[in-house]
């Protein structure tokens with residue numbers, strides 16, 4: 018895959034210089050090898066900063082500290098009985114231990130399973146059991162949830178606790194701590210380092226938008242691709258400072274921020290979690306020049322009340338997946354940034370729209386020489402430009418998905434040698450792709466297809482609304498395939514919403530078919546690790562007679 022990509026003349030020029038100086042061809046994506054090279058060449062340079070939001074001092078990690086602590090954790094896991102192929106789950110917000118654990122696993126030949134820290138109850142228990150976790154690393158704030166969920170994970174033998182400065186000190190004696198492992202004197206690599214890039218190194222779970230999430234098994238060759246993206250697609254410069262608030266349990270934070278930063282030797286700033294009201298202040302504090310977003314996050318930032326200093330920030334480029342067309346240009350103007358749009362999934366498939374190229378609203382084109390994409394109908398026939406169908410893609414080497422312990426689902430995902438995305442899209446005459454809706458999730462009302470992003474933009478600009486998610490429920494009319502629209506809204510903290518005012522705004526600014534039939538007031542919009550709105554959970558909680566639901570017909 019890598020050799021074929023680098024055989025394309027147009028890509029050689031863009032990556033050759035950077036790759037030659039990064040040691041990439043030596044580590045080949047094996048994470049411990051990447052950290053070792055950085056620690057040898059520039060040990061005292063700060064490579065990653067974990068911004069702790071003022072809860073306690075930020076963690077400023079030099080390359081030497083990252084590599085040294087990875088060695089210590091690897092030795093601790095080895096002494097705890099970890100062997101090649103064992104699974105180590107991690108349930109925590111973004112902390113340095115993710116870096117240490119991923120490198121330690123690549124040394125031992127074990128597999129890291131990062132789990133969304135927002136997972137609770139049955140969902141968390143399912144993932145811990147499904148991945149056959151031998152142990153789990155967590156923090157005090159999530160310990161109770163992990164303890165409960167671990168009862169349903171038959172292979173789980175140990176809970177390792179990472180105690181942060183704000184944790185209850187009495188917990189130190191309850192479980193073995195990562196802190197103790199990291200307090201060791203410097204140690205040599207445990208056993209023989211696992212340098213084979215084909216060995217499984219992570220299992221990352223899908224969003225689970227339609228059901229139980231599936232674990233995608235990844236090896237270090239995926240890491241190698243993430244490293245190359247910094248040169249090839251994101252086109253980071255030596256003076257860039259990268260930022261993300263996305264969970265490291267999600268492929269986006271790894272592909273756009275962590276791996277490119279470490280491969281290119283440029284600093285990355287990572288928050289414990291994404292906070293829309295703090296993102297610009299964090300970027301100003303650390304001098305961040307670029308950050309990654311997903312569509313729902315972008316809407317949340319845009320819905321914040323405008324400030325005079327919105328454009329007074331060091332950010333030059335926002336790398337976004339799923340920018341709503343309705344706010345794209347307004348977002349760029351308001352904050353003084355340019356948007357690089359892209360499309361991808363943890364299973365595979367990749368396209369991007371470079372800044373200044375292609376039409377606004379498109380997620381781009383596939384990388385020439387690496388990925389092929391087309392749009393097909395239900396019989397797998399390619400449809401012409403302008404016609405909506407399912408996006409399918411294939412690597413020009415091998416198209417393969419390995420869902421952990423799910424061979425039938427893996428085979429179906431790549432039926433006929435094409436990766437089935439489940440995304441309904443169209444392309445224009447020039448080959449630019451546009452997202453339309455998720456398969457089975459189209460919103461049609463009175464014969465018209467409704468664009469939720471436009472409805473969300475209008476309602477999100479209402480001064481009462483902090484966040485909004487527009488989804489469909491079966492139409493009260495009973496018309497097949499028709500939906501009534503529901504706008505789930507979150508009020509700003511300490512405030513309430515006036516449904517009548519929201520309906521009035523919608524009537525004034527939207528076509529009649531796009532005005533929601535219901536306003537559903539909620540405390541939060543449930544989201545997946547990739548920040549996708551989990552509208553199925555909102556739909557499950559919806560009742561037209563509920564006290565938090567307001568009908569359009571009651572506000573004439």
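Residue numbers (our numbering): 18 to 573. Positions of the beta carbon are idealized from the N, C-alpha and C atoms, including for glycine.
{"Query": "Coarse secondary structure for residue 228, derived from DSSP in three states", "Result": "coil"}
{"Query": "C-beta atoms of residue 89 and residue 126 nearer than 7 Å", "Result": "no"}
{"Query": "Buried versus exposed, by CB contacts within 10 Å (16 or more), residue 293", "Result": "buried"}
{"Query": "Sequence-distant residues of the same chain with beta carbon closer than 8 Å to residue 75, five excluded per side", "Result": "66, 67, 68 and 69"}
{"Query": "Contact under 7 Å by Cβ, residue 436 with residue 410", "Result": "yes"}
{"Query": "For residue 270, three-class secondary structure by DSSP", "Result": "helix"}
{"Query": "Residue closest to residue 456, alpha-carbon to alpha-carbon, out of 194, 498, 485 and 423", "Result": "498"}
{"Query": "From 282, 556 and 308, residue whose alpha carbon lies closest to that of residue 55", "Result": "282"}
{"Query": "Residue 576 versus residue 370: straight-line alpha-carbon distance, rounded", "Result": "Lying before the first or after the last residue shown, residue 576 is absent from the chain, which here runs from 18 to 573."}
{"Query": "Extent of the continuous beta strand (DSSP E) run through residue 536", "Result": "535-538"}
{"Query": "Whole-Å CB distance - residue 378 paired with residue 450, under 8 Å assumed", "Result": "The Cβ separation is near 10 Å, so there is no contact."}
{"Query": "Residue 124 vs residue 193 beta-carbon contact at 7 Å", "Result": "no"}
{"Query": "For residue 375, the three-state DSSP class (helix, strand or coil)", "Result": "coil"}
{"Query": "CA-to-CA distance, residue 287 to residue 308, given in whole angstroms", "Result": "10 Å"}
{"Query": "Bounding residues of the alpha helix (DSSP H) (the contiguous stretch that carries residue 279)", "Result": "276-281"}
{"Query": "In chain order, each alpha helix (DSSP H) run of at least 4 residues that lies wholly inside the segment 337-423", "Result": "345-352"}
{"Query": "Contact between the segment 539-553 and the segment 479-499 (3+ Cβ pairs under 8 Å)", "Result": "yes"}
{"Query": "Proximity below 7 Å, CB of residue 146 to CB of residue 120", "Result": "no"}
{"Query": "Expected contact under 8 Å - CB spacing of residue 175 and residue 97 to nearest Å", "Result": "6 Å"}
{"Query": "Other residues of its chain near residue 337: CB distance less than 8 Å, five sequence neighbours each side excluded", "Result": "309, 310, 311, 312, 315, 356, 357, 358 and 359"}
{"Query": "Coarse secondary structure for residue 481, derived from DSSP in three states", "Result": "coil"}
{"Query": "Within the segment 152-192, ranges of the alpha helix (DSSP H) (whole runs, at least 4 residues)", "Result": "160-167"}
{"Query": "Status (buried if at least 16 other CB within 10 Å, exposed otherwise) for residue 560", "Result": "exposed"}
{"Query": "Bounding residues of the beta strand (DSSP E) (the contiguous stretch that carries residue 568)", "Result": "566-568"}
{"Query": "Cα-Cα separation, residue 178 to residue 107", "Result": "10 Å"}
{"Query": "Cβ-based burial, residue 151 [other Cβ within 10 Å; buried from 16]", "Result": "buried"}
{"Query": "Three CB pairs or more closer than 8 Å across the segment 402-409 and the segment 429-448", "Result": "yes"}
{"Query": "Spatial distance of residue 438 from residue 432 (CA atoms)", "Result": "11 Å"}
{"Query": "Range covered by the beta strand (DSSP E) that runs through residue 443", "Result": "436-444"}
{"Query": "Member of 392, 340 and 406 whose CA lies at the smallest distance from the CA of residue 376", "Result": "340"}
{"Query": "Residues near residue 20 in its chain [Cβ-Cβ closer than 8 Å; skip 5 each side]", "Result": "Because the pLDDT at residue 20 is just 42, under 50, the model does not fix this residue reliably, and the value given afterwards should be weighed accordingly. Around residue 20: no qualifying Cβ."}
{"Query": "Option nearest residue 453 by Cα separation, candidates 406, 481, 255 and 276", "Result": "406"}
{"Query": "Ordered list of alpha helix (DSSP H) runs contained in the segment 497-551, each at least 4 residues", "Result": "516-526"}
{"Query": "DSSP three-state assignment for residue 195, whether helix, strand or coil", "Result": "helix"}
{"Query": "Paired residues, beta bridge with residue 489 - DSSP", "Result": "502"}
{"Query": "Cβ neighbours of residue 86 in the same chain (closer than 7 Å, five flanking residues each side left out)", "Result": "117 and 199"}
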